[in-house]
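Below: the structure, in structure tokens.
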Amino acid sequence: MTRVGIGNEPVRYAVLGFDMNYSNESRWLTRLIDALPVIDTKAPSNITANAEFAALFPGTSNRVQGEGASYIDDFEATVTPFSLSSPLAWRMGATPLTDDNRFDRSSISPDRLGVNYKRAKIAWYTVDNVFYRSTGRSRPTNIGLEDTQNHYVRSIGQREVIKRDRQQIVVNEPTFDIAYYPSERGMYNYNPDLNTDGSLPDPRSNFGAITRAITSEVDFDKTNIEYIEFWMMDPFINVTNNTPTNPRGFIDDGINPPKANTTGGKLILNLGSISEDVMRDDRHAFEQGLPADGSNSLDDVAENEWGRVTRDPYLNPAFDNTESSRLNQDVGLDGLKSVDEVAFFSNYLTMLNLSPEARQALENDPSADNFTYYLGDDLDAAYA
Ligand SMILES: [Ca+2]
Ligand SMILES: [Ca+2]
Ligand SMILES: [Ca+2]
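Residue numbers (the numbering used here): 886 to 1269.
Right, dumping it as structure tokens:
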């Protein structure tokens, strides 16, 4: 159905126009003027007349059978959604600014590393459909039906979110999953005050942050952007009077025995001009700017307490094309491979009071920036 907005109705006009000009010499006018006592004309007088006529006969187009209908508002363009839910658009967020600096501890650290002392591990992703298929070779064999029924990871049917009476929609609603581990060290957190098992003390005081750019018009007043809408799963599912009732609502953090959430947490949304200087040094670190040949020359990279950072401007969003360069560039925002991290942060490592297992785990990846693809034999073997 096509509806017609006000001012755009189909019309049919009849327009008539008529212009007339008359001009002629007039002898009697000349003689009449000559008769005036002080005027003696040398040229003949002219008489000129102009006339114009126009008429408009309004009507409606015969295509609408004479019905001149228009709609004041059909409410079809009243909401322009702008989706924020693609995990790929989100990046690690900088340390949130607060009045009491409870997250930014750089005032108590000898260098700027204190900015990240409270950074805990956070992951954001969409669960791959491969885990929901009951058949097929691709689902890892250690993932059972029970695993995929847990509310924190199970597939969400579209009708659970959008109530529709008639249509039976079988596709899953794409979800934006965020997993936060307040006791585990986040990326580029070199806090020397760790528990002996390598975990962060006082998990309530920690944070995890992700950030993304608003790629549409950022003047929200001008574009009438009014609210952020999100549906969040009840964080206290299957808990009644602090007693967990159903294991499908348990959280499995991979370290502790699965248990229900009873403490909750805070989800805070910050809007505005947000600093992206995650490793605060007023420099823009990006992996593809690191020398493809692995050079540590100070002509190519600057060195500071965070590691090595490129001196190049951001020109190209992709890694260098040669295969061997990947080892030198895909190393994290610290510009250091894990073996180099051990050397670079050797002072930090000696400050730590850790159990032998925790030390080994930390020395495997001091910056906590190693990436492992979610499908792999290592993870299957570890029953991840
Ligand atoms: Ca930086
Ligand atoms: Ca690294
Ligand atoms: Ca690493």
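Note that CB positions come from ideal geometry on N, CA and C, so glycine has one too.
heavy atom of ligand 3 below 7 Å from residue 1074 C-beta
Not so, every heavy atom of ligand 3 lies at least 7 Å from the Cβ.
Any heavy atom of ligand 2 closer than 7 Å to the Cβ of residue 1221?
Correct: residue 1221 has its Cβ closer than 7 Å to ligand 2.
Could you check if residue 1075 is buried or exposed, using at least 16 other CB atoms within 10 Å of its CB as the buried criterion?
Buried is the label assigned to residue 1075, since at least 16 other Cβ atoms lie within 10 Å of its Cβ.
Option nearest residue 1169 by Cα separation, candidates 1178, 1041, 1217 and 1092:
Comparing Cα positions, the closest option is 1217.
Could you say which of 943, 1184 and 1242 lies nearest to residue 901 if we only look at CA atoms?
The candidate whose alpha carbon is nearest that of residue 901 is 943.
Is it buried or exposed, residue 1007, if we count other Cβ atoms within 10 angstroms and call 16 or more buried?
Counting Cβ neighbours within 10 Å, residue 1007 comes out buried, since at least 16 surround it.
Measuring only from the beta carbon, is residue 1174 closer than 7 Å to any heavy atom that is part of ligand 2?
Outside the cutoff, so no.
Residue 923, DSSP secondary structure in three states
Note: residue 923 maps to coil in three-state DSSP.
Own chain residues within Cβ distance below 6 Å of residue 1133, not counting five before or after
Taken in chain order, the residues that qualify are 1034, 1035 and 1036.
Assuming residue 905 is part of the alpha helix (DSSP H), what are its boundary residues?
Run containing residue 905: none in the alpha helix (DSSP H); it sits in the beta strand (DSSP E), 899 to 911.
Is the beta carbon of residue 915 closer than 8 Å to that of residue 930?
Yes, these two residues count as a Cβ contact at 8 Å.
So if DSSP puts residue 1062 in a beta bridge, which residue, or which two residues, is it bridged to?
Residue 1062 is bridged to 1010.
Using alpha carbons as the reference points, say which of 978, 1206 and 1064 lies closest to residue 1094.
978 is the residue among 978, 1206 and 1064 whose C-alpha sits nearest the C-alpha of residue 1094.
Alpha-carbon spacing of residue 1142 relative to residue 964, whole angstroms
Rounded to whole angstroms, residue 1142 to residue 964 spans 45 Å at the Cα level.
As a quick exercise: from 1115, 1016 and 1017, pick the residue whose alpha carbon is nearest that of residue 1153.
The residue with the shortest Cα to Cα distance from residue 1153 is 1115.
Pull up the CB-CB distance for residue 1065 and residue 1252, whole angstroms please, since I reckon it's below 8 Å.
About 19 Å separates the CB atoms of residue 1065 and residue 1252; that is not less than 8 Å, and the two are not in contact.
Ligand 2 heavy atom lying under 7 Å from the CB of residue 1226:
Answer for residue 1226: yes, Cβ within range of ligand 2.
Can you tell me the Cα-Cα spacing of residue 937 and residue 967, whole angstroms?
Spanning the two alpha carbons is a distance of roughly 56 Å.
How about residue 977: is its Cβ closer than 7 Å to a heavy atom in ligand 1?
The answer is no for residue 977.
Close-in-space but distant-in-sequence residues of the same chain around residue 1002 (CB under 6 Å, 5 per side omitted)
Once the five neighbours on either side are set aside, the close Cβ partners of residue 1002 are 990 and 1076.
Quick check: the region 1159 to 1175 against the region 970 to 986, are at least 3 beta-carbon pairs closer than 8 Å?
A contact is defined here as three or more CB-CB pairs under 8 Å, and the region 970 to 986 meets this definition with respect to the region 1159 to 1175.
Of all the CB atoms in chain B, is at least one closer than 8 Å to the CB of residue 1220?
Among the chains in the structure shown there is no chain B, since it carries only a single protein chain.
C-alpha gap between residue 1015 and residue 1028, whole angstroms:
Pairing residue 1015 with residue 1028, the inter-Cα distance amounts to about 11 Å.
Taking three-plus beta-carbon pairs below 8 Å as touching, is the region 1199 to 1209 in contact with the region 1225 to 1243?
Cβ pair count under 8 Å is below three, so no.
Roughly how many angstroms separate the alpha carbons of residue 1147 and residue 1043, rounded to a whole number?
Taking the Cα positions, residue 1147 is about 28 Å away from residue 1043.
What residue range is occupied by the uninterrupted beta strand (DSSP E) comprising residue 1188?
Taken as a continuous stretch (DSSP letters only), the beta strand (DSSP E) holding residue 1188 covers 1186 to 1189.
With a floor of 4 residues, list each alpha helix (DSSP H) that falls wholly inside the region 1187 to 1252, ordered by position along the chain.
Runs found: 1210 to 1214, 1223 to 1229, 1231 to 1236 and 1241 to 1249.
With a threshold of 16 other CB atoms inside 10 Å of the CB of residue 923, please say whether the residue is buried or exposed.
In the assembly as shown, residue 923 is an exposed residue. Its beta-carbon has fewer than 16 other beta-carbons within 10 Å.
Between residue 1231 and ligand 3, is the CB less than 7 Å from at least one heavy atom?
Not so, every heavy atom of ligand 3 lies at least 7 Å from the Cβ.
Run the proximity test for residue 1217: is its beta-carbon closer than 7 Å to any non-hydrogen atom belonging to ligand 3?
Flag set: Cβ of residue 1217 near ligand 3.
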